[in-house]
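Take a look at the structure below.
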Amino acid sequence: MSRHSMLSYAASDLVDDVSLTDARSTFLLSEFQNLRIRVKDIDTGMIRNRNKSVEETQVICDPNPVTAKGCGKRLKSGKEKALSQSNRQCGTSGHDRRTCPTLQNRYLYLLFY
Numbered sequence: 001m002s003r004h005s006m007l008s009y010a011a012s013d014l015v016d017d018v019s020l021t022d023a024r025s026t027f028l029l030s031e032f033q034n035l036r037i038r039v040k041d042i043d044t045g046m047i048r049n050r051n052k053s054v055e056e057t058q059v060i061c062d063p064n065p066v067t068a069k070g071c072g073k074r075l076k077s078g079k080e081k082a083l084s085q086s087n088r089q090c091g092t093s094g095h096d097r098r099t100c101p102t103l104q105n106r107y108l109y110l111l112f113y
């Protein structure tokens, strides 16, 4: 059973028992008013507790990242990159120092002779 249906069933049983006399019905009406006030106090108490918990928690964020002083690097164009790569010792591009064919040939020459 859901919460609403259980409360409705209990309230209807109570109303059936109380509706037999006038004294019972006036007593139940006054108690309903008191209950309504108590329920509102419960709701506002929960809201107060939520506000307290929000106020008590402190949010600590990471500091802003540090930026270095001075000028940033200039971005080279593709043409400038190609020119600097062609100015290598061997004069060819498409490799680095570890895979340079002329350096490997020199190394092999030194090993065998």
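Using UniProt numbering, read the sequence shown as starting at 1 and increasing by one per residue. The beta carbon of each residue, even a glycine, is placed where N, CA and C say it ideally should be.
{"Check": "The alpha helix (DSSP H) with His4 in it runs from where to where?", "Outcome": "3-18"}
{"Check": "Cβ atoms of Ser93 and Gln85: under 8 Å apart, would you say?", "Outcome": "yes"}
{"Check": "Go through its chain and collect everything with a Cβ distance to Ala11's Cβ below 8 Å, but skip five positions before and after it.", "Outcome": "none"}
{"Check": "Taking 6 Å as the limit between beta carbons, can you name the residues of its chain near Ala82, skipping five residues before and five after?", "Outcome": "none"}
{"Check": "Below 8 Å on the Cβ atoms is my contact criterion, and I expect Cys90 with Thr99 to pass it. Report the Cβ-Cβ distance as a whole number of Å.", "Outcome": "The Cβ separation is near 11 Å, so there is no contact."}
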